[in-house]
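Chemist: Chains as they are written, first to last, in the numbering used here: chain R, 95 to 402; chain Z, 8 to 281.
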């Protein structure tokens with residue numbers, strides 16, 4: 095008798111504690127739904143407003159003072175070219191810095207300071223980068239309000255992201271792998287080239303893409319260095335028909351980027367321009383989501399190939 | 008083989024000089040190893056017989072793995088390491104632990120197999136060929152030849168000959184460990200170090216590895232750390248028993264297991280501690 099009474103009490107106790115499990119998972123689900131639904135609603139709102147405006151003309155027209163004739167050609171070309179500069183600068187520098195800090199740098203107070211600073215840099219407000227870039231790139235280095243200046247600014251901005259991602263990816267390579275390689279008589283450089291970089295490529299690439307998708311949406315630093323809001327021409331093409339077939343004139347060209355174009359249209363009183371802003375916003379968000387999707391796919395692919 | 012210079016006899020320790028009938032591959036003299044100020048290996052004197060298996064036994068933390076890792080200077084990868092004394096590799100008379108000796112050169116002559124199978128996430132072929140790649144060998148025919156030979160030596164050829172391009176990660180644990188042995192053998196090392204190579208494997212895979220070691224000793228000198236005393240008794244010709252970083256007793260395996268000279272050794276092998 096006593097035993098059954100005891101087990102009934104025990105069961106009641108378990109039930110009571112289980113209820114907390116339930117409660118917490120329901121609460122967590124609700125909180126998550128709020129976040130996800132907000133994003134979905136925002137996206138839908140943009141799509142409903144902007145989708146009708148999204149057509150070939152919109153993509154291929156320059157901005158105009160007539161809303162129905164305005165397009166985002168100069169904005170997306172500007173975004174593309176700025177991203178190109180950003181990637182070219184941030185990727186080699188960021189990856190090399192990450193590899194150096196993780197693999198070569200001695201552990202001492204100097205590298206400790208560098209480490210803390212790199213991590214902190216990732217949290218510096220982007221407008222501060224804009225101010226720095228304004229005095230350094232625009233005035234000191236005389237780059238002017240150009241694609242090169244914007245690309246370098248955004249490269250600075252995402253460098254910490256690339257460095258931190260590289261270090262984390264490299265650190266995930268198990269010690270046993272390094273020891274196995276060292277025991278074969280490899281040099282540090284061979285370990286990097288044959289093992290560490292290939293095994294951590296997925297993580298590094300993911301970091302690069304996440305950094306770039308952050309840069310693509312940045313507005314503040316680009317405004318600070320003086321991107322124009324009304325550009326009715328394209329920079330010179332990077333390709334030319336005569337030797338050496340590439341051309342760097344475009345680096346010096348004034349430019350605009352998608353977020354600035356959106357900002358400009360939103361701040362106008364006419365409702366027609368707001369529709370344009372929604373359509374441009376849709377393009378930007380699809381670009382960003384596509385980059386994030388690429389990051390996830392890359393990570394999955396590499397994870398499947400390498401399982402420790 | 009007879010032109011090997013006669014090694015100096017090991018200095019007498021508390022345990023008396025160890026007698027080895029065989030040519031000597033490596034002589035350890037007064038070897039101590041420190042992590043910062045902590046001494047993990049203390050004044051070890053030991054001879055490693057050529058083309059024989061020498062087993063290192065002892066309780067966890069007795070310094071046997073630390074001692075083994077002195078042979079390919081693995082400790083150099085981490086800060087705070089310090090070696091004292093010498094390990095002379097014969098017949099060339101190179102001192103492995105000398106500061107001016109490049110550890111990379113040492114590791115190219117001494118292979119190592121680890122406790123947990125750690126193949127590279129590359130193909131089976133590339134794993135075995137890796138040591139040759141590191142050495143800058145490009146001759147495809149030679150590489151294929153050596154890979155096949157090493158896989159045969161590791162008793163893995165029959166199982167993998169049709170799937171050399173598959174990822175090494177698709178192999179079972181025991182196969183992976185044999186692959187690691189093949190990887191270490193392909194560059195034709197003078198000495199093969201094994202750090203508890205079967206402790207992560209099941210009994211069948213363990214038996215396979217032990218069998219393969221007995222075959223291998225015809226061609227290469229083997230130094231094996233093992234947790235498992237039966238394993239030491241089964242495969243090795245000489246056994247060294249370590250305790251708290253000190254070499255307590257060294258001798259012919261049969262003798263050490265049947266008539267140990269030291270009380271500590273007897274206590275350990277009869278299971279009174281450890």
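Using N, Cα and C, we set each Cβ at its ideal position, and we do this for glycine too.
As the structure is a prediction and not an experimental result, all values here were calculated from the model.
Note the first and the last residue of the continuous alpha helix (DSSP H) segment covering residue 208 of chain Z.
Modeler: Run containing residue 208 of chain Z: none; DSSP gives neither H nor E here.
Chemist: Please go through the same chain and pick out, in chain order, the residues whose beta-carbon is closer than 6 angstroms to the beta-carbon of residue 89 of chain Z, but skip the five residues on each side of it.
Modeler: Hits under 6 angstroms: 41.
Chemist: I want to know whether the region 56-66 of chain Z touches the region 229-248 of chain Z - three or more CB-CB distances under 8 angstroms.
Modeler: In short, these stretches touch, since the Cβ pair count reaches three.
Chemist: Measure the CB-CB distance between residue 126 of chain Z and residue 186 of chain Z and report whether it falls below 9 angstroms.
Modeler: Yes; because the gap between Cβ atoms is below 9 angstroms, this pair is in contact.
Chemist: Three or more C-beta pairs closer than 8 angstroms, one from the region 69-77 of chain Z and one from the region 245-257 of chain Z: is that the case here?
Modeler: Yes: at least three Cβ pairs fall under 8 angstroms.
Chemist: Kindly indicate if chain Z contains any beta-carbon less than 9 angstroms away from that of residue 279 of chain R.
Modeler: At least one chain Z Cβ lies under 9 angstroms of residue 279 of chain R.
Chemist: Among Z/104, Z/86, Z/241 and Z/100, which residue has its Cα nearest to the Cα of residue 92 of chain Z?
Modeler: The residue with the shortest Cα to Cα distance from residue 92 of chain Z is Z/104.
Chemist: So, helix, strand or coil for residue 396 of chain R, using DSSP?
Modeler: Here residue 396 of chain R sits in helix by DSSP.
Chemist: Looking at the unbroken alpha helix (DSSP H) that takes in residue 173 of chain Z, where does it start and where does it end?
Modeler: Looking at the DSSP string, residue 173 of chain Z is not in any alpha helix (DSSP H), and its letter there is neither H nor E.
Chemist: How would you label residue 132 of chain R, buried or exposed, when you count the other beta carbons within 10 angstroms and need 16 or more for buried?
Modeler: Label assigned to residue 132 of chain R: exposed.
Chemist: Going along the chain, which residues of its own chain have a beta-carbon closer than 8 angstroms to the beta-carbon of residue 19 of chain Z, five neighbours each way excluded?
Modeler: Reliability of the predicted coordinates at residue 19 of chain Z is poor, the pLDDT of 43 falling under 50, and the value obtained from them is presented with this limitation in mind. Taken in chain order, the list of residues that qualify is empty.
Chemist: Can you confirm whether residue 127 of chain Z, when its beta carbon is compared against all beta carbons of chain R, has any partner nearer than 9 angstroms?
Modeler: Interface residue, yes.
Chemist: Apart from the five residues just before and just after residue 162 of chain R, which ones in its own chain have a Cβ nearer than 8 angstroms to its Cβ?
Modeler: 366, listed in sequence order.
Chemist: For a contact meaning CB atoms closer than 8 angstroms, what does residue 284 of chain R contact in chain Z?
Modeler: Those within 8 angstroms of residue 284 of chain R in chain Z are 141.
Chemist: Using a Cβ-Cβ cut-off of 7 angstroms (strictly less than) and excluding sequence neighbours within five positions of residue 173 of chain R, which residues of its own chain qualify?
Modeler: Here the set comprises 310, 351 and 352.
Chemist: Where residue 206 of chain Z and residue 265 of chain R are concerned, what is the direct C-alpha to C-alpha distance, given to the nearest angstrom?
Modeler: Between residue 206 of chain Z and residue 265 of chain R, the C-alpha separation is close to 26 angstroms.
Chemist: Which chain Z residues are close to residue 276 of chain R, counting only those with a beta carbon under 8 angstroms from its beta carbon?
Modeler: Residues of chain Z passing the Cβ test: 81, 84 and 114.
Chemist: So what does DSSP say about residue 91 of chain Z, is it helix, strand or coil?
Modeler: Looking at residue 91 of chain Z - three-state DSSP - the assignment turns out to be strand.
Chemist: Buried or exposed: where does residue 210 of chain Z fall if 16 or more other Cβ atoms within 10 Å of its Cβ makes it buried?
Modeler: Exposed, because fewer than 16 other Cβ atoms sit within 10 Å of the Cβ of residue 210 of chain Z.
Chemist: By the 10 Å Cβ neighbour count, where 16 or more other Cβ atoms means buried, how is residue 9 of chain Z classified, buried or exposed?
Modeler: Reliability fails at residue 9 of chain Z, whose pLDDT of 43 lies under 50, so the model's placement of it is uncertain and the value that follows must be treated cautiously. So residue 9 of chain Z ends up on the exposed side.
Chemist: Find the nearest neighbour of residue 305 of chain R within the set R/344, R/347, R/250 and R/159, judged by alpha-carbon distance.
Modeler: Comparing Cα positions, the closest option is R/250.
Chemist: Name the chain Z residues that come within less than 7 angstroms of residue 293 of chain R, Cβ to Cβ?
Modeler: Within chain Z, the residues near residue 293 of chain R are 128.
Chemist: For residue 217 of chain Z, I'd like the list of residues in its chain whose CB is within less than 7 angstroms of its CB, leaving aside the five on either flank, ordered along the chain.
Modeler: Within the same chain, residue 217 of chain Z has close Cβ partners 238, 241 and 242.
Chemist: Hey, out of Z/250, Z/192, Z/235 and Z/233, whose CA is closest to residue 223 of chain Z's CA?
Modeler: Of the candidates Z/250, Z/192, Z/235 and Z/233, the one whose C-alpha sits nearest the C-alpha of residue 223 of chain Z is Z/192.
Chemist: Which word fits residue 343 of chain R, buried or exposed, when buried means at least 16 other C-beta atoms lie within 10 angstroms of its C-beta?
Modeler: Exposed, by the Cβ-count rule.
Chemist: Where does the unbroken alpha helix (DSSP H) through residue 166 of chain R begin, and where does it stop?
Modeler: First-last for residue 166 of chain R: undefined, no H or E at that position.
Chemist: Taking Cβ to Cβ, would you say residue 194 of chain Z is nearer than 9 angstroms to residue 139 of chain Z?
Modeler: Yes. Within cutoff.
Chemist: Look at residue 258 of chain R and residue 189 of chain R and say whether their C-beta atoms are less than 9 angstroms apart.
Modeler: Result no, Cβ atoms of residue 258 of chain R and residue 189 of chain R do not sit closer than 9 angstroms.
Chemist: Comparing alpha-carbon positions, which option in R/180, R/274, R/298 and R/169 lies nearest residue 397 of chain R?
Modeler: Minimum Cα distance to residue 397 of chain R is reached at R/298.
Chemist: State the DSSP-derived secondary structure class of residue 235 of chain Z, mapped to helix, strand or coil.
Modeler: Three-state DSSP puts residue 235 of chain Z in coil, outside helix and strand.
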